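First up is the structure itself, then whatever we jot down about it.
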Amino acid sequence: MKGPDIVWYLALAGFLFCTGALGVLIRRSPLIVLLSLEIMLNGANLALIAFSRHYAQGDGQIFALTVMAIAASEVVVGLGLIVAIARKNLDLDVDKLSTLRG
Amino acid sequence: MTSGWLTTALILFPIAGGLLVWLLPLRSFAVGSTALLFALIEVGLWIDSVARFNFSRPGLQLDQRTSWFSDLHVSYHVGFYGFSLWLAGLTVVVLAAAIGYAFWAGRERPRAYYGLMLILTGAIVGVFVAQDLLLFYVFWEAMLIPLYFLVGVWGGAGRLRATLMFVIYTMAGSLLMLASIIVLGLSQGTFDLVNSGTSGSDWIFLGFVAAFAVKAPLFPLHAWLPEAYRESSPEVAAVLSGVVSKAAAYGFLRIAISKFPEPVADFRTPILVLAACGLVYGSLLAFGAPDLRGVIAYSSLAQMGLIVLGLFAVNDLGLNGAVLQMVNHGLISATLFLLAGGIERRTSTGELALLGGMARGRPALATVLMTAGVIALAVPGSTAFAGEFAILAGVFQTGWGWAAVGAVAIVLAAMYMLRLISAVLHQAPGSAVSDAALDLRPAELGVLVPLVALLLVLSAWPAAITDHSFPKTSVQVTSSTGATGYAPLPNHRLALP
Amino acid sequence: MIAAAWICLLAPLGAALAITLAGTRITRRGAGYLATASVAASFVAAVVAFALLLGDSPEERSHPSTLWSWLTAGQLDFGLRILVDPLSVFMMLVVAGVGSLIVAYSIGYMDGDDEERRYFAYMALFVFSMLLLVQGGNLLVLLVGWGLVGLSSYLLIGFWHDRPSAVAAAKKAFVMNAIGDATMALALFVVIQRSGSLDFETVFTHTGSLGGGWAVNLIALGLLGGAVAKSAQLPLQTWLPDAMEGPTPVSALIHAATMVTAGVYLIARTHPLFEAAPRVLELAAGLGAATLVVAGLIALVQTDIKRVIAYSTMSQIGYMFLAVGLGAYANGMFHLMTHAFFKALLFMAAGIVIHALAGEQDIRKMGGLRRLMPFTYIAFGVGALSLAGVPPFSGFFSKDSILAAALAHGWYGQILWVAGMIGAFLTGLYAFRLFFVVFWGEPSGFVREHLLKDSHGHAGEGPLSMTLTVGVLTVLAAIGGWLQFARVWTPVSDWLEPAARPLVEATGTQEAVSSVLAVALGLAGILVAWLVYSAGRVQAPRLAAVQALLEHKFYVDELYDRAFYRPAVLLAAGLGRFVEQPLVLGSVRGLVRSMRELGLGTGRVQTGLVRTYALSIAASVAVVTVVFLAVR
Amino acid sequence: MANVLVWAVWVVAAFACLGSGIAVVTFSNPFYSALSLIGNLASLAVLYLLLSAEFVAAAQVLVYAGAVMVMFLFVIGYLGERADAPWAGGPSWQTLGAVLASAALFVEVIVVIGLKTSGRLSDQRPVDSVFGRPYDIGRLFLTDHLLAFEITSIVLLVAAVGGVVLGSHARETP
Amino acid sequence: MIFALDTPHIDWLALSAPLALLGAGGVNLLAAVLVPRKARRVFGAIVCALGFAGAIVAAAILYAHSADGHGVIADSIQRDRLAALTAIIVAGSGILAIGTSYSEPMADDHIAEYYALLAWAGAGMIFLASASTLLTLFLGLEWFSISLYILCAIDRDLAGSLEAGLKYLIIGGFGSAMLLFGSALVYGATGTLEFHEIARVVQAQGLSDDALLVAGLALVIGGLGFKASAAPFHMWTPDVYEGAPTPVTAFMAAATKTVALVLTLRVLVTAFPQEARLWTVTVAAIACASLAIGNLAALVQKGLKRMLAYSSISHAGFMLIAVAANNGLGARALLYYLIPYSAMSVGAFAVVAARERELNRPVTLDNLAGFGWERPLLGISMMVFMLGFAGLPLTGGFVGKFYVFAAAYRHGWTWLVIVGVAATAVSLYYYLGVIRAMYMRPAEELQLAPVGGSPPRELVLQTTVAAALIVTVGSFFVVQPLIDVAKHAAGSLPF
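The following block contains the structure:
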């Protein structure tokens, strides 16, 4: 089952990662920013699993699995924050959350 | 040495005293008198160390050494040379006078005030006895912290800007010195001043020079000086110009000159130029200054220029004269600042245009100011003259032009100092001078007379210092010009065994 | 002998200190007595020293004594050292002798001043300083005394410190003298460099090795600068007339008898150094000659009684400079002594006049004092005659021998001799202008108002302390010159010979020619003065330009003001405004400000937008990666 | 043949992955973004399968696309639809910088890969049958990565506490 | 299938410090349910403090018994003195942070969770300090980061707290993603996650200029720099420090920085020794940037917390100089410096907290006027902390800076010494500005405690500050023992 070279996966992983980064950089909705972070993590995961396959060694997969769990944790906390912010009737716009500056 | 504890005691005793008066919940009077007592005992300790010091023996004495951290070979190493002994003496005397004056004048928050003064005493003494580069730096900076408070809290209306300028400017200079200390210490393998050899690095030398030149101050690095001297309370200004500036001169002597013979030779001319500029420039500005403190402040600038001139002559006359002049100027400017304080207290101004005629009916004030003033302008026969003469005679050996500049400064000194004396004492009473402005009180005399008396004693016997500062062989002529008669001295180096 | 010398030196210092420290615990009169006693003690000690020194053979009359090392530096050691030799003893006698008379005179003169104690302390300090100057055993001690007399002169000129003019005059005197001190110090630096010592004997024995050329000339010039400043010779003469702001006894002591003649002493004392630089020595003589003429001219138009005498002092010191500059040291010193007598006498007599007229010094308000103050009249007359060099008064003997020495000194000396002769005429003229205007004629209204009312309750000529001392000085001025009559009777020259061997010896003919001519010219001056100012037979020529030139003292004051003082003031102000503020202070403030600006700049990037923060991370990582990939 | 099939699957999954990724970032409505992310995760799961990471693929679908995204959708639903336009708002240099930085990172990854292909990345090592299976993963989690396993659970616990602390607002909101 | 698992040996001692804190956190979590609301504050603080104290004891024992470092638990973590010393510093900061938190006017309902999260954050940091694989590195990082996200936002009454939390979370996630992708690339380059293995593989296969490896290294440096709040990855720091509850800020400033820097050192030195030519320069550049930006921005700050945040950025710069030096002296310098630095950080923020509680509004330079005279102990302490930050003698900060510069010089980088010196000079302006505000403003500008008189004597807070003061000053005098400890800890690293 000889599929594409590992480099293709890697390119895809890189693309995902950068897409996610772009999302973080251009979006103002904290929800979408969180989603973009997930994409970045997934890009990294893809790279890890690809390398794991390349080396025929499970460490990368283990790493990817823990990343999944960590991502979930971040999402939980992030969503909790977003809900708390929404409850304080603050705008859900990271650009408006700029009372701290200077 | 067996008496090394005495040196440590000279540092720690006032600091302990400072902490004590600061922490004990004493009342104002008790705080002041306790502090004064500590200061006087400190003077006694110093006298004891003079008594134990063997002036005929070269090398470090009353030394004590303990390792501080060994991996970089840094140690607590203190001890006295002849000249540092005198500078320490200057410190304890001036600080005692300053504390006495403050005690008389009364200061708010006395516990903190006297605590800081005593701590300052210890720190300055520390600078003069430290024989380890890092320890020197520690005391050097530690000296600045109490000063920051003393100027900043108890100063005049413009004190905030003055302190900011003073502390940041001088510390910026010191930090360059820190860089130099690190480089020197690591390249030598030890931070000990006595054990380490000399260095030929210009950059390290310049780092040290930067610190000392700012602190002294050397023209044109004196931007902090006018405001710091004007805004401090008089006794702090006395300490600043009398003692703290001497720490810089001491630094030139102990480190810059004795550790860097080649760079000294390379940079002698530029430094002498700056010193000479400072001498004339300070004198001229002192002549133009509109107020008491301004005159004394700029005259300090001039005097520091003179002292540096002497130091960088690097010969017997120059070095001995410089040490003598350090002590002289310390006592003189302390006296003058305290007097200025007394006058300002009476007239609530230091503007010369508003003063005058204070000699009439105030014989003590007139006598003390006149005596201090004529000594300050280095009238022949005064100890200041002895110092100036030796310095200029020393620097003359380097080049006649330096001494010619110095001669100009002699005349200018007469001009600004007489202007000051006349503006305060003579002619018709100024608008700020009322009959309510009394003569010096006994307490003030108690502070000032000892200072003036010391000056007079030194005037009778300046050799007390010049004969007991350096081992006779410390200045070595490394190359001779082969001229006839008394060997002139283009290339000297100072070696402190 | 050494002990006597030390006592002589230290007695006045002790008195000065005692008076200062005692404060109000000593009465005003007591202070006067103490000061007088101390100076008198000095005189006695000086006499003792003189007597003892007389016992030595002439070649061994040199006894140094060091109290302790004053200033040391490595191998160099400058002791607190005195030298007792004929020259110093001669000066000690003059200083302590005239000094004690003048201090005693002051007791009466200063009576009633509310700061008498300070006055006597200063006077005692001055005598000490002057003695230190003349007794100093090395150049440094000499310089110390030199400076200290300047200091006490400053203190005494400005004694009445609520007068702005007095304070200004005092400052001027001090600063001018400081210039001299500075040039002397420079000379000393060269000496140190060349000989490694300042002791007279050592230095003089090194004179040969001083190396000709610039070094020795520089030394001599430096010393000459000091001498010129102290003795108010051209071009540093302007302070002396102003110094008349001080009390009259001060003028008598400091600005006539002793301090101002120190320059003469200096040249005599350091003559080996000057002799090694003959051009400089000639310069000194030339300056003296110029001064004696210029000062004589100015004295003609002055209206202040003390200023006239002051200019005459300058003029007479010009003679002394002329003498020592030509190498006739003994003649100069002799004139120094007689001058001390008659000039002190003139001042003190003038002081009696001033005292009687409640401080008035303008001669135009005086007149006809002859009858009202007969004693003063006689005393002043003796002084004036002596000044004019009329035999047998003292001035005749000393001045004429100077002129004779000039004649003996080749063509240069002969030019100066002419100047001296002109000076002799001028001396007679201005001295007797003063004398006739003040004493002859009818008492002016002003005089009557003061003297006839007899407001002092005294006979108008002062207390005994004044009249007695003036009397003594009158005698001395009259007969003091008999100590020496050149070529016949020369004890002064013989005495000074071991200390300062003269370079010229006038012949009998020269002596005779000079004497006759000088006396004649002096008498001519007196005659002209009588014609113009007393008899009114001749109108003084009215040359407005010359008059103005003389009244403004050749505009030297104005010149110095424009050339030195004002530039210094402007420079001080200019440096403050254009260097100190903008450059020295401004640069630091500017640095602080720019730092703050940078800080504010970083604050502007800190937008508060979380996206920006992420962008900065992403961009930085991208950059780092590129760099790593590029340089790996 | 199998290779062609693998390639085909790969291409489809890859493009789905790319498209859904871009969609997540560019949809203005968070709801659609979240849905796109589910698609993205699913397509990634396929890719994982192709890389013999079967357990990971399963977990991706079950845990990630299932549990986590459900929570996401829940919150989005709770907060209501708050759309914001991508590329809008903020300083213009922000957007420009964002694109540049992202593009730069991508180019760098490509360059890195490009530099690497001449090397060893093309030869994949053969894998045994257990590779990527639950057994293998379980073994690793209990042996080499025991600590990681435990720590992961702790992090999840922390997050849970965080969720409670941040989400429970009984006291607040009038 | 035979389930013959070769489970690794569990070195409980190596884990004892995090475990103590985990336990303390757990107890607190239970307390949130079981202990009455009024007692929770005291209980939580005590349990948490006991946890940190236990961690210190455990770490001390670990230090004593780990003279030669080695990997444990399947080489997931490293048992060595470096980790133990870091644990002690972190746990010490934790105790001080608890003291600072004690009277923080925070809502009671989450107080137990607060202490639980504090303990867990500490546990995460201590764990992270011993991480020896990229996986445990990532996990530990997230462990304490997530705890901190929550802690930042926990005081919902505090304006800016939620904003700070969200910003921290987003940027934290972004930074973690960078680190993760970097880890993936490194893994791709070497096929291993374990630090020593990475170094070995790179050495054995000559990968030192491998593109994947260096790209991964760049991303890893970015991720670590973010945690250390070094410029240009620093921009979240001021906002988060300002918005977070002050005690949390205190803990973050001290502990996060400690662990991030130690970890940066460990990763770079252990895993990437072959890449030293790249990362030393990079870290030096980052250090310079941090020094410049941190100091310049701090110059113009009015708010004290924000100013201290920028100051912490500049300190990251200072300590990164020690990392960049890449020598034993640098490691020693870093580890020594962290001791007084942590104490000063927590102490300074504790004083800020005290003033905040007095005024009930954010502390600025202006409303600090007269504080020094009013509260002598706090004033003196703040003064000492500021002097310590500025690196003046009689504080450990001086010796720390001295060692850092010495390390830079020994690496041959005198220019870096000059940069550090210049930065210090600039920093004096604002550090002394604080002292000036406290002591030197004229009386009419004094802002005394608000109506209601002096606040209750906060014995715990004052004790905390005093302890920080003692550490700050004490570390100046007892340099030798501390340096010995730091030397042994640095001995764990392959220099």
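Residue numbers (my numbering), protein chains in the order written: chain A, 8 to 109; chain L, -6 to 490; chain F, 178 to 809; chain Z, 561 to 734; chain Y, 267 to 761.
Glycine included, C-beta positions come from ideal geometry on N, C-alpha and C.
Values in this document were obtained by computation on a predicted structure and should not be read as measured data.
Reference residue i; option with closest CA among the options
| i | options | result |
| --- | --- | --- |
| Y:VAL535 | Y:LEU735, Y:ALA599, Y:HIS581, Y:PHE761 | Y:PHE761 |
| L:TYR107 | L:GLY314, L:GLY93, L:VAL120, L:ALA436 | L:GLY93 |
| F:GLY276 | F:PRO235, F:PHE570, F:ALA212 | F:ALA212 |
| F:ALA429 | F:HIS516, F:GLY335, F:ARG456 | F:HIS516 |
| Y:GLY406 | Z:PHE709, Z:PHE701, Z:PRO694, Z:SER588 | Z:PHE709 |
| Y:ALA526 | Y:ARG641, Y:PHE517, Y:PHE492 | Y:PHE492 |
Residue range of the unbroken alpha helix (DSSP H) whose run includes residue i
| i | result |
| --- | --- |
| F:LEU641 | 641 to 656 |
| L:ASP56 | Per DSSP, L:ASP56 belongs to no alpha helix (DSSP H); it is in the beta strand (DSSP E), 54 to 62. |
| F:VAL810 | The question about residue 810 of chain F has no answer here: the residues shown for chain F are numbered 178 through 809. |
| L:VAL440 | 435 to 453 |
| Z:ALA696 | Just to set this straight, residue 696 of chain Z is Asp in the shown sequence, not Ala. Note, Z:ASP696: alpha helix (DSSP H), 694 to 702. |
Host beta strand (DSSP E) of residue i (start-end)
| i | result |
| --- | --- |
| F:SER242 | 240 to 250 |
| F:LEU257 | 253 to 261 |
| Y:ILE343 | 343 to 345 |
| F:PHE519 | From DSSP, F:PHE519 is part of no beta strand (DSSP E) but of the alpha helix (DSSP H) over 506 to 533. |
| L:ASN68 | Going by the sequence as given, residue 68 of chain L is Ser instead of Asn. Element bounds for L:SER68: 67 to 73. |
| L:VAL236 | Here L:VAL236 belongs to no beta strand (DSSP E), and DSSP marks it neither H nor E. |
| Y:HIS336 | 336 to 338 |
Beta-carbon gap between residue i and residue j smaller than 9 Å
| i | j | result |
| --- | --- | --- |
| L:VAL257 | L:PHE198 | yes |
| Z:ALA661 | F:ALA807 | no |
| F:SER575 | F:GLY699 | no |
| Y:PHE440 | A:MET75 | no |
Whole-number beta carbon distance between residue j and residue i, since they are thought to touch under 8 Å
| i | j | result |
| --- | --- | --- |
| F:GLY313 | F:GLY322 | 5 Å |
| Y:ALA340 | Z:THR703 | 6 Å |
| F:ASN508 | F:ILE579 | 5 Å |
(request) Output, in sequence order along the chain, the residues in the segment 636 to 666 of chain Z whose CB is closer than 8 Å to any CB in chain F. (result) GLY650, PRO651, GLN654, GLY657, ALA658, LEU660, ALA661, SER662, ALA664, LEU665
(message) Residues of the segment 784 to 796 of chain F in Cβ contact with chain A at a cutoff of 7 Å, in chain order, please.
(response) THR784, GLY785, LEU786, VAL787, ARG788, ALA791, LEU792, ALA795
(message) Beta carbons nearer than 8 Å to chain F: which residues of the segment 432 to 446 of chain L have them?
(response) none
(request) For the segment 586 to 599 of chain Z, enumerate the residues whose C-beta is nearer than 7 Å to any C-beta of chain A, in chain order. (result) PRO590, SER593, ALA594, LEU597
(message) Along the segment 335 to 360 of chain Y, where does the CB come closer than 7 Å to a CB of chain Z? Name the residues.
(response) ILE339, ALA340, SER342, ILE343
(request) Compile a chain-ordered list of the residues in the segment 469 to 487 of chain Y whose CB is closer than 7 Å to at least one CB of chain A. (result) none
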